[in-house]
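As given, the protein sequences belong to chains A and B, one line each in that order.
Remember, the working numbering sits 30 above the position in the first sequence when you count from 1.
Remember, the working numbering sits 141 above the position in the second sequence when you count from 1.
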Amino acid sequence: MASASKLITLSEAIKRYVPDGAEIVMGTSLETLIPFAAGHEIIRQRKRNLTMVGTISDILFDQLVGAGCVEKIRAAWVGNVITGSSYNFRRAVESGDLKMEDHSNLTIAMALKAGAMGVPFMPALTGLGSDLFKTNTSLKIIMCPFTRKTLTAVSAINPDVAIIHVQRSDEHGNAHLWGNLGVISDACLASRHIIITAEEIVSPGVIESDPNRVITPGFRVNAVVHAPWGAHPSPVPGYYNRDHDAFIEYRNESKTPEAFEKWLRFWVDNVKASDDYIRLLGNERVVKLKLKNHFLSEPADYGY
Amino acid sequence: MATDSNHYTLSELMVTAAAREIADGEVVFVGMRLPLLGFLLAKRSHAPDAVGVYELGIVRDSPAPEPILTMGDLPNLFRAKWLSDTSDVMGLLQNGTIDVSFIGGAQVDRFGNLNTSYIINSGKLATRLPGSGGACDLASLAKRHIIIMAHEKHRLVPKVDYITSPGYGDGPGWRDNAGLPRGGPSAVITSYGIMKFDPYTKEMVLVSVHPGITVERVLENTGWPLKISDNIYNTQKPLDSELKLLRELDPGGYWTK
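So, in structure tokens, the structure goes:
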């Protein structure tokens, strides 16, 4: 039986599943496959009072903060991976406009794991003795009921929506993702809604040829969006390399609120369709970022 | 650029010193920036059997085929030994599989506690830094960790404003009391020298100064009366062979200029 297509536009997906005040997990594979196109659409729709959940979001969260979309961040690290601090985030925390819940990569992974497993918390051994406990009420010290030793209890996070960028998806939300996996799988399972943005939309047959590569079962996905170059400037395995220059340029482009406004107008408000973004990038840059050395895996036999 | 041992940058010296802390065959949790290069240098020189684990969910036992600037660069995924979840590689850390990890820092204190979160000035928030990332986990759970940072008086302080990544807390027994299962900092590599930790007091001790740097200069730029080892030595300069490799790994000098 063929189920209904979930393929909709990016604008429609954000309108439908990202209300003001929503808790969103995105940027879940750390430095790769960051759903920048979806983040920019959130900015274009001027969403407000969002809570962002992530591990290392690179500059995505800084952009959302600079555009005034975010009330709170629950994450391990917010900055510009290649240059260090990010300025909108700094300004917002230092002025008291942004609430920060300080995690480590392990605690945010466990918070989503607990959410995915349907339990109120996960135990961990990290952070004991650190000050994360002072700036994160989702972490508590408990005693293990078996060993009587000290443990960190990490409260579950169940976001309203996970936004995941993948290489390819069918129109029902069965999606192939490869490369390093970060916290993507748990982020999907923990979230009430899932939006998939994909470099390519493919037939269900392509996805079914390799079920191990499916990142989350399609029946839990709510929207599928065709978004080529939707993770630029982060890298997408099999599609394009990391655009280091874009991250380095962003450092200056976000140094002052005025500079950031200019960045925002050029790279976000200017873009009405994904074609516009690729046009802004320019052919030279697109060619430079594309893979130079393809390396295909051997097929796996799923026969019986 | 000449590969002459007298012509190296301070960053190249620090990366080389970091690389030498890695023994062959060790399982290394690799962090960003200089540590990333330090691991690759060790791998291509004295520690060919070292295994690299990256928090993104990557395990490699060979250097990437091309120079990389971040851990997620596609050459770092090419022919990896394992691409998996962050939880999986964090599990390796938590269950005691990781021998050594490397962390950069904004502020460190005499017991090796590290702050990469909040700088406080007269009781008020002065600077918000990016935060832990994986650093707190590496400092909590690796068998040992090594700190790499610039040597400046406002960075080496008697007590950090905020403990992002635990060192030895306030001295002997602190990690045990906190419930940490193992580990602690084994060395701090700065732009002026190398510090290790007294096994009894857990306090930082200067063991080596870099060529051209005096002990006085180190003390002037440290925020507390730093203890000095009786057997203080000069940090070994990078070898020509190490510099050659390093410049292949960072050809643009992005991290080591």
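Quick reminder that beta carbons are idealized off the backbone N, C-alpha and C, glycines included.
Where are the alpha helix (DSSP H) runs, 4 residues long or more, that stay fully inside the segment 313-375 of chain B, in chain order?
315-319, 356-361
| Quick one: which chain A residues come within Cβ less than 7 Å of I199(B)? | N210
Which residues in the same chain have their Cβ closer than 6 Å to the Cβ of L270(B), if we skip the five residues on either side of it in sequence? A247, T257, S258
Between the segment 167-183 of chain B and the segment 233-242 of chain B, can you find at least three pairs of beta-carbon atoms closer than 8 Å? yes
Counting Cβ pairs closer than 8 Å, one from the segment 189-199 of chain A and one from the segment 60-67 of chain A, do we hit at least three? yes
Report task. Look at the alpha carbon of L255(B) and the alpha carbon of T305(B), and state the distance between them as a whole number of angstroms. Result -> For L255(B) and T305(B), the distance between alpha carbons rounds to 6 Å.
Discussion item. Which residues in chain B have a C-beta closer than 7 Å to the C-beta of P267(A)? List them in chain order.
Written reply: Result: L215, L218.
**Asked** Any residues in the segment 163-197 of chain B with a beta carbon nearer than 8 Å to a beta carbon of chain A? Which ones, in chain order?
**Response** M173, Y195, E196, L197
Next on the checklist: For D305(A) and G268(A), I'd like the C-alpha separation in whole angstroms.
Outcome noted: 20 Å
- Item | Nearest-angstrom Cα separation, counted from A289(A) out to F338(B) | 45 Å
My output table needs one value for K385(B): the three-state DSSP class, helix, strand or coil. helix
My understanding is that T137(A) touches G157(A), with C-beta atoms under 8 Å, so please give their C-beta distance in whole angstroms.
-> 6 Å
Q. From A328(B), Y341(B), G353(B), pick the residue whose C-alpha is nearest to that of L347(B); which is it?
A. Per the Cα distances, A328(B).
(Q) I'd like to confirm the pairing. Which residues does DSSP put opposite D256(B) in its beta bridges? (A) Before going further, note that residue 256(B) is Asn rather than Asp in the sequence given. DSSP, once it has assigned bridges, lists Q248(B) as partnering N256(B).
- Flag this pair as touching only if the segment 101-114 of chain A and the segment 125-139 of chain A have three or more C-beta atom pairs under 8 Å; answer yes or no. Between the segment 101-114 of chain A and the segment 125-139 of chain A, the count of Cβ pairs shorter than 8 Å is three or higher; the stretches touch.
- Message: At the 8 Å Cβ level, is L266(B) part of the contact set with chain A, yes or no?
- Response: yes
Self-check item: Under 7 Å by beta carbon: chain A residues contacting L224(B)
Solution: G209, N210, L211
Q | Between the CA atoms of A183(B) and L332(B) - distance to the nearest angstrom | A | Note on identity: in this sequence residue 332(B) is Ser, with Leu being the wrong assignment. Taking the straight line from one Cα to the other gives about 19 Å.
Hey, could you find the ends of the alpha helix (DSSP H) E53(A) is sitting in? Here E53(A) belongs to no alpha helix (DSSP H); instead the beta strand (DSSP E) covers 53-56.
Per DSSP, which residues does P150(A) bridge with? Please list them. Partner(s): none; P150(A) has no beta bridge.
Handout entry: Beta-bridge pairing of K265(B) - partner residues as DSSP gives them
Key = N262(B)
- Query: Apart from the five residues just before and just after T246(A), which ones in its own chain have a Cβ nearer than 7 Å to its Cβ?
  - Reply: S215, C218, L219, I224
Cβ shell of L233(B) (< 7 Å), same chain only, five flanking positions each side left out: These residues qualify, in order along the chain: V194, I239.
### Query
What number of angstroms, rounded off, separates the C-alpha of V192(B) from the C-alpha of I86(A)?
Whole-angstrom Cα-Cα distance: 23 Å.
(Q) Closer than 8 Å between beta carbons: that is the criterion. Which residues of the segment 148-160 of chain A meet it against chain B? (A) A154, L155, T156, G157, L158, G159, S160
Please list the terminal residues of the continuous alpha helix (DSSP H) segment that includes E288(A). Segment 287-294, the alpha helix (DSSP H) holding E288(A).
What residues from the segment 275-296 of chain B come within 7 Å of chain A, judged by C-beta to C-beta, listed N to C? When CB distances to chain A are screened at a threshold of 7 Å, the residues of the segment 275-296 of chain B falling below it are G275, C277, D278, S281, L282, in chain order.
- Run down chain B in chain order and give the residues with a C-beta less than 7 Å from the C-beta of E61(A). L197, T211, M212, G213
Within 8 Å (strictly less), CB to CB, does V108(A) reach chain B? yes
(request) Leaving out five residues on either side along the sequence, give the residues of the same chain with a beta carbon under 8 Å from the beta carbon of P340(B). (result) Excluding residues within five positions, none has a Cβ falling inside 8 Å.
Where E196(B) falls, given that 16 or more other Cβ within 10 Å makes a residue buried: Label assigned to E196(B): buried.
Outcome for M173(B) when other beta-carbon atoms lying within 10 angstroms are tallied against a minimum of 16 = buried
Discussion item. Is it buried or exposed, D190(B), if we count other Cβ atoms within 10 angstroms and call 16 or more buried?
Written reply: It is exposed - the Cβ of D190(B) has fewer than 16 other Cβ atoms within 10 Å.
ask   = For E314(A) and chain B, any beta-carbon pair shorter than 8 Å?
value = no
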